[in-house]
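K.L.:
If you want it as structure tokens, here you go:
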């Protein structure tokens, strides 16, 4: 089966499951259905053989199992998977969110910007209409009120006329499109800064929101709300953990309690991530407000009731004010997104909240000691592994490791040994006991004994954790096991038949090195491998017999030869009481005559000794 046919079959399976769920009154997104299909195929209890092509009976069984799981509204596992899918689809980092917001804003302003840059206004009415469009663009880009509000339009027009009067439209029309867009952006920043300065001076800006005051009120309230919800979620996690550890008879099945524990632990992880973003947002807002206040103070000192100030002194301050204000706007939008995320996560806790009736959980925990995560860590604070007992393993201890708190712990810091030995119980690990490094990954444990047992059979425990995650698919994201399940490909990227699993492509970094010169080099420059090249050189040497060296002079070169003079400094004179003597040996000189210009076939060479006699 070709790749296109395979993708079509898989999409049909997902579409069929979604349609059956919708027909029974429960809408399910394709992303949720695709994840559920993977979870059903991975579960060994369903007996799917991933090494062969699925038959029609397998496909029908797969559809039925997925529909049953998606319609089970009392399952905490389904709520946890929905929560994970929702978070993955809607949560973005600060940088990505701000970049996406800027793209959306530019897309909204693109029609207005195109009307301005493509305008060919010539009459007075057309020029006035173009000027009004520029005012509207500035208002929409700055976010100061509505472009239909008369007061807002009047203030923006006055600010624009002070920087860009209507008489400058002819020069603006002569620019290239790219230069027009750049000038529009610069004008927007300057005018935004002017309006902010006027608002701070009490000379307008009624339509401008007081962002610093709003943020100073919203940030603490949002932080308190998230912290309160986080405390409630953590309390539930501690209670479920204590109830599972007590091993007492309970009205709820232990497997449902573990699913509820996974649900609240996942909610806790998401809330911590959102709270960290809110704290970072508060720090960024504090920095922006400090810079905004300082810049406004400098600008007031520069203007200081002057009637005229050079633009080179004030325009940079106006531009910086606008950028700082835009940063505050971005932080407010980001805070709103995070707050909406917290609200949207609450419905995914409904299944576990209905496992026990009101007050039933407290009754079950009357004689059970509930321990917080910090208390569990404190209990094992005195325990620490001894690297000498297991020299074959590599251990990291807080006393001997720099940046110990920054180690990327596997299983989101949970104890993998407890997860296997206690049949799925999640307990936080204590890194102070000792962190095991195994195959470039780091593992923490809840006790020293757990650390020793896990280290003695690390590969087996890691495989058992993966098998456990196949039975409880919500653990894949909760424990961050994506790398171990990298063989599961997205359905839109399936490449081979109807198989739902493909083997991963193994990649590794490798390098080779070759010696530059193994043996000592011995290169003969005059060597020639081509006999015709040797023949050419022999002919060239033979032709020297018929060559005569001569020179000639033309009228242009006459009296133009290069002249040079040399001046010797006066020699040093000296006198002495005795005479110095010296001798010199003549230099041997031999001249060979008759090598060139011979007129006969034979060459007669005469050797003349030109060496001067010694006795001369």
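Residue numbers (the numbering used here): 962 to 1577. Note that beta-carbon positions come from the ideal geometry of N, C-alpha and C, so glycine has one too.
(1) In three-state terms, what does DSSP make of residue 1581?
(2) Quick one: does the C-beta of residue 1200 sit closer than 7 Å to a heavy atom of the ligand HEM?
(3) In whole angstroms, give me the CA-to-CA distance for residue 1564 and residue 1507.
(4) To the nearest angstrom, how far is the alpha carbon of residue 1054 from that of residue 1061?
(5) What residues in its chain sit with their C-beta under 6 Å from that of residue 1419, if we drop five residues either side in the sequence?
(6) What's the C-alpha gap between residue 1078 and residue 1138?
(7) Suppose the cutoff is 6 Å on Cβ atoms and the five residues either side in sequence are ignored; what does the same chain contact list for residue 1392 look like?
(8) Looking only at its own chain, which residues have a Cβ that is under 6 Å from the Cβ of residue 1059, when we skip the five neighbours before and after it?
(9) Check whether the region 1231 to 1238 touches the region 1289 to 1303, taking contact to mean three or more Cβ pairs, one atom from each stretch, closer than 8 Å.
(10) On the three-pair Cβ rule with 8 Å, is the region 986 to 1000 touching the region 1037 to 1049?
(11) Threshold first: 4 residues or longer. Then list the alpha helix (DSSP H) segments lying entirely within the region 1050 to 1111, N to C.
(12) Tell me where the beta strand (DSSP E) around residue 1548 begins and ends.
(13) Do residue 974 and residue 1020 have their beta-carbon atoms positioned less than 8 Å apart in this structure?
(14) Return the CA-CA distance between residue 1161 and residue 1178, expressed in angstroms with no decimal places.
(15) Answer yes or no: do residue 1411 and residue 1397 have a C-beta to C-beta separation smaller than 8 Å?
(16) Please report the distance separating the alpha-carbon of residue 1390 from that of residue 997.
(17) With distance defined between alpha-carbon atoms, name the residue in 1108, 1032, 1312 and 1181 nearest to residue 1094.
(18) Buried or exposed for residue 1442, going by 16 or more other Cβ atoms inside 10 Å?
(19) Taking the C-alpha atoms as reference points, what is the distance between residue 1068 and residue 1289?
(20) According to the Cβ coordinates, are residue 1196 and residue 1387 closer than 8 Å?
(21) By how many angstroms is the C-alpha of residue 1111 removed from the C-alpha of residue 999?
(22) Measure the Cβ-Cβ separation of residue 1285 and residue 1249 and say whether it is below 8 Å.
(23) Counting Cβ pairs, one atom from each stretch, are 3 or more of them under 8 Å apart for the region 1244 to 1264 and the region 1110 to 1130?
(24) Between the C-alpha atoms of residue 1127 and residue 1245, what's the straight-line distance to the nearest angstrom?
(25) Just how far apart, CA to CA, sit residue 1484 and residue 1576?
(26) Can you check DSSP and say which residues form a bridge with residue 1397?
P.N.:
Result, derived from the coordinates:
(1) The requested residue 1581 is not part of the displayed model; the chain covers only 962 to 1577.
(2) No copy of the ligand HEM appears in this structure; indeed no ligand is present at all.
(3) 11 Å
(4) 10 Å
(5) 1399
(6) 6 Å
(7) Within its own chain, the residues whose Cβ lies closer than 6 Å to the Cβ of residue 1392, once the five positions on either side in sequence are excluded, are 1405, listed in chain order.
(8) 1291
(9) yes
(10) These segments touch.
(11) 1055 to 1078 and 1085 to 1103
(12) The continuous stretches of beta strand (DSSP E) do not include residue 1548, and DSSP gives it neither H nor E.
(13) In contact: residue 1020 and residue 974 (Cβ atoms closer than 8 Å).
(14) 20 Å
(15) At the C-beta level, residue 1411 and residue 1397 stay beyond 8 Å of one another.
(16) 29 Å
(17) 1108
(18) It is buried - the Cβ of residue 1442 has at least 16 other Cβ atoms within 10 Å.
(19) 21 Å
(20) no
(21) 58 Å
(22) yes
(23) Judged by Cβ distances under 8 Å, the region 1244 to 1264 makes no contact with the region 1110 to 1130, as fewer than three pairs qualify.
(24) 39 Å
(25) 49 Å
(26) 1356 and 1404
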